[in-house]
Every structure is written in structure tokens, then in C-alpha cells.
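For any residue, its number in the working numbering is found by taking its place in the sequence shown, counting from 1, and adding 1124. Here a beta-carbon is modelled for each residue, glycine too, at the ideal position from N, C-alpha and C.
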Amino acid sequence: MYGTGLAKGLMLTLRHFVDSFVDDLRYGLRKYSHATDNFGLRQGTAAKGVITVQYPDEKVAVPERFRFVPFLIVEDEDHPTRSGKDWCTSCGICAKVCPPQCIWIVRGNDPDTGRPVPEPEAFFIDIDICMNCGYCAEYCPFDAIKMDHDYELASYDRTSHHIHDKEKLSKPASYWRDIAPTRAYEEMLVRGTWEHKDAAKEARRGAASARAGSRTQQPQAEVQPAPVVTAETAAAAPAASATAEGATPWSEDDAKREERRRKALERKAKRAARSGG
Ligand code: SF4
Ligand code: SF4
1125 MYGTGLAKGL MLTLRHFVDS FVDDLRYGLR KYSHATDNFG LRQGTAAKGV
1175 ITVQYPDEKV AVPERFRFVP FLIVEDEDHP TRSGKDWCTS CGICAKVCPP
1225 QCIWIVRGND PDTGRPVPEP EAFFIDIDIC MNCGYCAEYC PFDAIKMDHD
1275 YELASYDRTS HHIHDKEKLS KPASYWRDIA PTRAYEEMLV RGTWEHKDAA
1325 KEARRGAASA RAGSRTQQPQ AEVQPAPVVT AETAAAAPAA SATAEGATPW
1375 SEDDAKREER RRKALERKAK RAARSGG
């Protein structure tokens, strides 16, 4: 019948209208409170009726997966060893995958040696060209670039405000953990640490060499007072002397590495034999 859809639409509008008053009565004066939990409840899925958000005084909280323009993660100021350091290694992958090509990176160089260093000297994103696709954040192998929640970026001056430089793009890692706690946690699980990949690698290397150092010092401390290394006892006990000399040819890590290398060479030889046959 003609007009049924129109009547249904009007009924829906009327229901929302009535629900708004019912909801208002339910909340009473609490609806004027600016407490975050109250506002969140009014904007949540349990709320009914038509809600007017008094923007910009009030803002609807964005979901965690909301994405606007990208930003770069730098280490927190209170980080014990890497305060303010870039997570970005200027590998350039984000610039390569960016569909509208709005990322521009200048790789840093060591001022003394002139050799490239894994951090960007300059990093620009033209946010008027950026289409907020999030590819850069998805592809970054170091979790160094993320999509921001800050969407209030309008201004009258495109050049100084809409081409974000490194200083404007850089935000501390704690900011990312605040706006996207679930994503940050998932990434931490994949990386195996809250730290930057390189920092974690360096820490592992440091710990391994410290372990190796302690292992090499321990036998020496035990061997030194023993009489086996003296001139008199060396002749009498050559086997013991040889043991003392060969006590620390390499660390356990070196031995494992050598074992892995040997096995890899064996596999390679087998592959070569198979392809040759
Ligand atoms: S992909 Fe990540 S690490 Fe590489 S340049 Fe881009 S932000 Fe930096
Ligand atoms: S969000 Fe997309 S368009 Fe914007 S900088 Fe990243 S890859 Fe480029």
C-alpha cells in the first residue's frame, strides 16, 4: 500500500523522540554531568533516543581502531637508556607502500663517518594527501608508525600546518599505549617485549655476553689455585695441563652457533647433491 514506508519512518522518528524523554527521565540531572563515565554511558549502546552531542565541548569517544593521520613513535622521556629516541629506522618501507606517495623520508648519517644510521634525519607526511588507509602502519616492521585518533586538524595554513614534519609527527610510545591499549598489547606479544626490537636485541646480546663472561671467569678462578698449570706438575700430568689450557676455547653460545653452522652446511651439501643428481 502506498505510504506504508512513510508511516513506518514517521513512527520510528516518533519512537526515538519519546525514548529521548524516557532516557532523560532515567538519567535525571546526571545527564548534565561532564563525568566521563556518565557521558560514555549516554553515548553507549544501552542509550536510547536521540542524543545531541554538544561538539566541540563534548566529543564522542572514538573506537580504538579508529584511524586518522599517522604519527611516529619515539621513546618516552623517562626511558632509562633511549629517552626520546626514534623507533623509526628510516627503512623507507612505509614510503614505498603509501598509495598516494605522501611520505618523504631523509635517512640520517653519522656526522663523523658519513655512514647511514638507522634513524630518520627528516620525516614528512602531507596530511592533505594522506587518505588514512593505514598501510604505512600495517607494513612498518618496527611498529614505529601508527594511526592517530586526533582528527581536529583543520587550519587556514596548509603549508605550515598540513605538512607534518618529524617534530610534529613524533609522539611517545606511552601515547600509543593510551589510545590503543589492545593493539599495543598484541604488538608487544608478537615482539616479545614492550621495548623496541633493536633495543631488545641489544639487551639480549648484552645478557648473553655477560653470561659468557661469567662462565669464562668462573673456571679460571677455579683453575688458578690448582697446581696443574705449574711447570713442575705439567710434565707429570700432561693430560691435566691440556685440560686447563683448553678450558675456555669459546663460550657455549659460540659452540651452539658453530653447531648450527655445521648443520646448515650439511643441509646445503645435501641439497647440492640432490640437485646435482
Ligand atoms: S616503515 Fe617504519 S621503520 Fe621504516 S621508515 Fe617507515 S616508519 Fe620508519
Ligand atoms: S595512511 Fe595511507 S595514505 Fe596516509 S601516509 Fe599512511 S600509507 Fe600513506
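Quiz item: Which partner residues of W1270 appear in the DSSP bridge assignment?
Solution: Checking the sequence, you will find Lys at residue 1270 rather than Trp. Its beta-bridge partners are F1195.
Quiz item: Sorry if obvious, but does the Cβ on F1248 come closer than 6 angstroms to a heavy atom of ligand 1?
Solution: no
Exercise. Tell me whether the beta-carbon of D1191 lies closer than 7 angstroms to the beta-carbon of N1256.
Key: Here residue 1191 is Arg; the residue named in the question, Asp, does not match the sequence. Yes. Within cutoff.
Self-check item: Backbone secondary structure at V1347 - three-state DSSP
Solution: Here V1347 scores only 41 on pLDDT, less than 50, and its place in the model is too uncertain to base an answer on.
Self-check item: H1140, DSSP secondary structure in three states
Solution: helix
Quiz prompt | heavy atom of ligand 1 below 6 angstroms from K1266 C-beta | solution = Lys is not the amino acid found at residue 1266; the sequence shown has Phe there. Yes, ligand 1 has a heavy atom inside 6 angstroms of this Cβ.
Quiz item: Using DSSP with H/G/I as helix, E/B as strand and the rest coil, what is H1286?
Solution: helix
Self-check item: heavy atom of ligand 2 below 6 angstroms from N1256 C-beta
Solution: yes
Quiz prompt | For E1228, three-class secondary structure by DSSP | solution = Note that residue 1228 corresponds to Trp in the displayed sequence, not to Glu. In the structure shown, W1228 sits in a strand (DSSP, three-state: E or B).
Practice problem: Closer than 7 angstroms by C-beta to D1186: which residues in its own chain qualify, once you throw out the five before and the five after it? Chain order, please. | Solution: Just to set this straight, residue 1186 is Val in the shown sequence, not Asp. Correct list, in chain order: H1273.
Quiz item: At what residues does the alpha helix (DSSP H) containing I1251 begin and finish?
Solution: Premise fails: I1251 is in no alpha helix (DSSP H) and is neither H nor E.
Exercise. Tell me whether G1232 counts as near ligand 1, meaning its Cβ is closer than 6 angstroms to at least one heavy atom of that ligand.
Key: no
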